[in-house]
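Comments concern the structure below.
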Amino acid sequence: MRIADIKLITLELDDEHPVSQWKLTTIPNLRRIQYTHGRAKQSGTVKTRNTFLKVITDEGIESIVTTDISITPTQLSIIKNQVIGEDVFNREAIWQKLHKGTRWVYQPPGWFGAFDNCLWDILGKAANLPVHALVGRVRESLPVYLTAGDSTLEQYLEHIDIGKSFGINAYKFHTYKGGKADIPIFTKVREIVGADYDLLNDPVCSYDLREAIEVGHVMEDLDFVWLEEPMHEYKLNLYQELCDELTIPVMGTEMLMNDIGITSQWLIQGGTDLLRGNARAGTTHVLKLAHLAELYGGTIELNGVGGLSGLVHATLGCCIENTQFYEYMALSPDALREQGALWGLTNAPIIKDGHIAPNNLPGWGAQWDEEKFASLIVEEV
Numbered sequence: 013m014r015i016a017d018i019k020l021i022t023l024e025l026d027d028e029h030p031v032s033q034w035k036l037t038t039i040p041n042l043r044r045i046q047y048t049h050g051r052a053k054q055s056g057t058v059k060t061r062n063t064f065l066k067v068i069t070d071e072g073i074e075s076i077v078t079t080d081i082s083i084t085p086t087q088l089s090i091i092k093n094q095v096i097g098e099d100v101f102n103r104e105a106i107w108q109k110l111h112k113g114t115r116w117v118y119q120p121p122g123w124f125g126a127f128d129n130c131l132w133d134i135l136g137k138a139a140n141l142p143v144h145a146l147v148g149r150v151r152e153s154l155p156v157y158l159t160a161g162d163s164t165l166e167q168y169l170e171h172i173d174i175g176k177s178f179g180i181n182a183y184k185f186h187t188y189k190g191g192k193a194d195i196p197i198f199t200k201v202r203e204i205v206g207a208d209y210d211l212l213n214d215p216v217c218s219y220d221l222r223e224a225i226e227v228g229h230v231m232e233d234l235d236f237v238w239l240e241e242p243m244h245e246y247k248l249n250l251y252q253e254l255c256d257e258l259t260i261p262v263m264g265t266e267m268l269m270n271d272i273g274i275t276s277q278w279l280i281q282g283g284t285d286l287l288r289g290n291a292r293a294g295t296t297h298v299l300k301l302a303h304l305a306e307l308y309g310g311t312i313e314l315n316g317v318g319g320l321s322g323l324v325h326a327t328l329g330c331c332i333e334n335t336q337f338y339e340y341m342a343l344s345p346d347a348l349r350e351q352g353a354l355w356g357l358t359n360a361p362i363i364k365d366g367h368i369a370p371n372n373l374p375g376w377g378a379q380w381d382e383e384k385f386a387s388l389i390v391e392e393v
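Here the sequence shown stands for residues 13 to 393, numbered as in the numbering used here.
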């Protein structure tokens with residue numbers, strides 16, 4: 013079975029919302045200049061768009077996946093030049109070719125991830141098996157942690173209570189206020205939620221090394237699960253020092269995770285205890301990092317919703333033994349289903365009893381309202 017064609021499809025919703033753009037602001041009450049982000053409105057309105065990659069084989073089996081890293085028409089042309097006519101079952105050879113050739117086609121790391129995800133989908137459909145059967149399943153469902161943006165103590169507690177209402181028993185702080193402000197919040201939340209509730213911290217590069225050490229030790233006393241991306245990932249030596257100092261696992265590499273080589277070196281060199289990953293860089297990419305982390309006694313934690321409104325990460329989370337949570341960012345259990353339905357995907361996962369699970373349909377298990385999907389197409393190349 014050979015690759016016959018690849019298409020990049022752009023869909024657009026019939027909505028209008030104000031144009032906005034990121035705006036950097038300084039964090040007050042710190043001894044250094046540190047930035048966080050907000051949104052600044054601009055003139056005009058825009059409609060919501062989403063792009064999908066479609067791979068077609070000469071035997072009629074097709075795959076459509078979301079492109080969580082935007083693929084340009086130029087990149088599409090590069091992929092087609094390398095893989096049209098290739099045997100789908102030579103997936104690993106295709107991955108090696110595109111990975112090793114990334115430098116020679118002048119593309120960023122992880123650039124062909126959506127295409128790799130399509131191949132896994134096609135292989136599952138060809139075998140009439142879900143991807144989790146091809147990889148090998150280790151659990152029926154994966155625990156979910158809830159997370160949101162930088163908030164007040166009261167807002168964090170409100171989010172935690174909402175998550176509990178549909179079974180979620182873990183919360184990850186996103187906090188950009190600096191370590192001195194975080195410590196009393198963490199202490200109070202632990203006091204309120206009790207010892208049997210999992211807490212995690214992601215300050216999104218808002219600490220320096222001194223703060224990361226100070227807050228990290230407090231987190232150890234409060235039995236947090238991990239400390240994620242506390243500092244900018246520019247200086248490996250500072251992360252090495254932090255990992256040596258703390259007993260709580262440190263997770264770096266969020267801004268590096270699309271580069272499998274650099275991410276691997278951070279783990280090998282002791283700059284992180286846990287790995288971050290996202291299948292937008294490809295399923296093969298994630299599985300290779302997961303196996304490396306397993307051999308080093310660490311975990312890989314998948315970042316964000318994942319492709320096909322959660323179907324991809326739900327699947328991989330149930331195939332990777334050394335992972336702990338699915339990252340969830342909504343305050344209702346059916347938000348993924350609703351998000352997918354906007355584009356014609358009818359069966360995205362629903363959070364049940366604080367867990368997420370894949371279905372047992374072939375490939376990624378995506379079911380489409382083909383008429384709705386087609387009605388939203390505004391561009392196809």
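Glycine is no exception: its CB is placed at the ideal position from the N, C-alpha and C atoms.
Where the alpha helix (DSSP H) containing residue i begins and where it ends
{"i": "Arg44", "result": "Taken as a continuous stretch (DSSP letters only), Arg44 belongs to no alpha helix (DSSP H), as it is neither H nor E."}
{"i": "Tyr168", "result": "Leu165 to Ser177"}
{"i": "Ala182", "result": "From DSSP, Ala182 is part of no alpha helix (DSSP H) but of the beta strand (DSSP E) over Ala182 to His186."}
{"i": "Gln281", "result": "Counting along the chain, Gln281 falls outside any alpha helix (DSSP H), and DSSP gives it neither H nor E."}
{"i": "Lys189", "result": "Note, Lys189: premise wrong, no alpha helix (DSSP H); not H, not E."}
Bridge-paired residues (DSSP) for residue i
{"i": "Arg292", "result": "In the DSSP output, where bridge partners are listed per residue, Arg292 has none listed."}
{"i": "Thr259", "result": "Thr259 pairs with nothing; no bridge assigned."}
{"i": "Pro155", "result": "His367"}
{"i": "Ile21", "result": "Phe64 and Glu392"}
{"i": "Ser32", "result": "Lys53"}
{"i": "Arg14", "result": "Asp99"}
{"i": "Pro142", "result": "Gly375"}
{"i": "Leu287", "result": "Ile312"}
{"i": "Thr38", "result": "Tyr47"}
8 angstroms Cβ cutoff met for residue i and residue j
{"i": "Ile332", "j": "Ala302", "result": "yes"}
{"i": "Ile368", "j": "Tyr338", "result": "yes"}
{"i": "Leu169", "j": "Val201", "result": "yes"}
{"i": "Ser82", "j": "Thr63", "result": "yes"}
{"i": "Ala291", "j": "Gly264", "result": "no"}
{"i": "Lys19", "j": "Gly375", "result": "no"}
{"i": "Leu279", "j": "Tyr246", "result": "no"}
{"i": "Thr22", "j": "Val324", "result": "no"}
{"i": "Leu211", "j": "Val230", "result": "no"}
{"i": "Ile172", "j": "Val205", "result": "yes"}
{"i": "Thr295", "j": "Asn181", "result": "no"}
{"i": "Leu158", "j": "Gly175", "result": "yes"}
{"i": "Gly322", "j": "Ala360", "result": "yes"}
{"i": "Trp123", "j": "Gln167", "result": "no"}
{"i": "Ala293", "j": "Met269", "result": "yes"}
{"i": "Lys59", "j": "Asp27", "result": "yes"}
{"i": "Ile15", "j": "Val95", "result": "yes"}
{"i": "Phe198", "j": "Leu234", "result": "yes"}
{"i": "Glu71", "j": "Met13", "result": "yes"}
{"i": "Gly283", "j": "Val227", "result": "no"}
{"i": "Thr259", "j": "Glu223", "result": "no"}
{"i": "Asp133", "j": "Ser55", "result": "no"}
{"i": "Cys330", "j": "Leu135", "result": "no"}
Taking only runs that begin and end inside the region 305 to 383, name each unbroken beta strand (DSSP E) of 3 or more residues, in chain order. Within the region 305 to 383, the beta strand (DSSP E) runs of at least 3 residues that lie entirely inside it are, in chain order, 312 to 314 and 338 to 340.
Mind listing, in chain order, the continuous alpha helix (DSSP H) runs of no fewer than 4 residues lying wholly within the region 58 to 117? Every alpha helix (DSSP H) of 4 residues or more that sits fully in the region 58 to 117 is shown, in chain order, as 85 to 95 and 103 to 112.
Beta strand (DSSP E) segments (min. 3 residues) lying fully within the region 198 to 247: Counting only runs of at least 3 residues, the region 198 to 247 fully encloses the following beta strand (DSSP E) elements, listed from N- to C-terminal order: 210 to 214.
Pairs of beta-carbons, one from the region 36 to 48 and one from the region 58 to 75, closer than 8 angstroms: are there three or more? Verdict: no, contact absent.
Is it true that the region 307 to 314 meets the region 279 to 289, where meeting means three or more beta-carbon pairs spaced less than 8 angstroms apart? The region 307 to 314 vs the region 279 to 289: in contact.
Mind the definition here: the region 77 to 91 touches the region 231 to 242 only if three or more C-beta pairs lie below 8 angstroms; say whether that holds. Below 8 angstroms, too few C-beta pairs join the region 77 to 91 and the region 231 to 242 to call them touching: fewer than three.
Evaluate contact between the region 204 to 220 and the region 173 to 189, counting only Cβ atoms and requiring at least three cross-stretch pairs below 8 angstroms. Enough Cβ pairs lie closer than 8 angstroms, so yes.
Do the region 343 to 355 and the region 110 to 128 touch if we need at least three Cβ pairs shorter than 8 angstroms? Too few Cβ pairs lie closer than 8 angstroms, so no.
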